[in-house]
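Position 21 of the sequence shown, counting from 1, maps to 11 under my numbering, and the rest follow consecutively.
We put the beta carbon where it would ideally sit given N, CA and C, even for glycine.
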Amino acid sequence: MRNYSIRAAGPDDLDGVRAVMLDTVYRDFGTGYVPRWHGDIIDPATAYLVPDRHTLLVATDPETGEIVATGALDSRGPAHPPNPRQVTERFPSGRTAQLRRVYVRPGHRRRGLARRLVAQLMEFAVDDGGYRSVYLHTDPAVAGAEAFWHSLGKLVHDEREDPEGVHDVLHFEIPMGR
C-alpha cells in the first residue's frame, strides 16, 4: 500500500487536477466535457481556490508525485432544474456544502483514497461553521459509486424511481458528525 499524500490544491496543481477530472468524465461517465455541467473542471481555480468556504484537495502518488485523485467542496446547493425541486429545497446554497469531483484514477482505486478525501472535505465543512448539511449526487452507472456513497451517507432521493425518469441520479446527505 502506497502512502498517498492528500493536501489542498494550489495553482501549480491545476493541470493535474484537470487531467484527472477530464479523464473521469470521458472514461467513467461517458459524457465527455459538457460546459453546463463541467465548467469547474476547466477553471478549478475560480470554482474552488478563490472563494472562501470552497476547497479542492488532491491526492498524490508518493513515488511519482502525480496527482491521482481529487475531491472538492463548495457552497452551492443543487440547482432546479435539473435536480428535483424537493432536493434543491432541502439543500439550499450557502448552508449546504456540496461534495464534488471525488475522482480516483483507476490504477489507484480500492486503496481508501476516496474515503480519505471525503473525510478531509467533511472536516473542512464542519470547521467552516456555516454549513448545516453536506450533499452530493452520483451516477449509479459508475462502478462502485452507489455502494461507496451508501457506506458514507443517507440516500435522500433516487431519480430512478421518479415517474418522469429523465435522469438516473442518486442524491445523498452525508452526516456532518457534530
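Following the continuous beta strand (DSSP E) through V24, name the residue where it begins and the one where it ends.
-> No beta strand (DSSP E) holds V24; DSSP gives it neither H nor E.
Should L103 and A37 be called a contact, given that it needs their Cβ atoms to be closer than 9 Å?
-> No. Outside cutoff.
N-terminal and C-terminal residue of the alpha helix (DSSP H) that A(-2) is part of = Counting along the chain, A(-2) falls outside any alpha helix (DSSP H), though it belongs to the beta strand (DSSP E) covering -5 to -2.
With C-beta atoms as the reference, is M11 less than 9 Å away from P25?
-> no
How long is the line joining the alpha carbons of E136 and D2, rounded to whole angstroms?
-> About 32 Å.
Among P153, R150, H140, which has the Cα closest to the Cα of I164?
-> H140
Does the distance from the CB of P130 to the CB of L107 come in under 9 Å?
-> no
In terms of alpha-carbon separation, which member of F162, R95, Y125 lies closest to Y(-6)?
-> R95
Would the beta-carbon of H98 fall within 9 Å of that of D30?
-> For the pair H98 and D30, the CB atoms are not nearer than the 9 Å cut-off.
Give the DSSP-derived three-state secondary structure of D3 in the structure shown.
-> Looking at D3 - three-state DSSP - the assignment turns out to be helix.
Sorted by chain position, which residues of the same chain lie with C-beta nearer than 6 Å to T14's C-beta, five sequence neighbours on each side aside?
-> Once the five neighbours on either side are set aside, the close Cβ partners of T14 are Y93.
Excluding the 5 residues preceding and the 5 following E56 in the sequence, name in chain order all residues of the same chain whose CB lies nearer than 8 Å to its CB.
-> G6, T50
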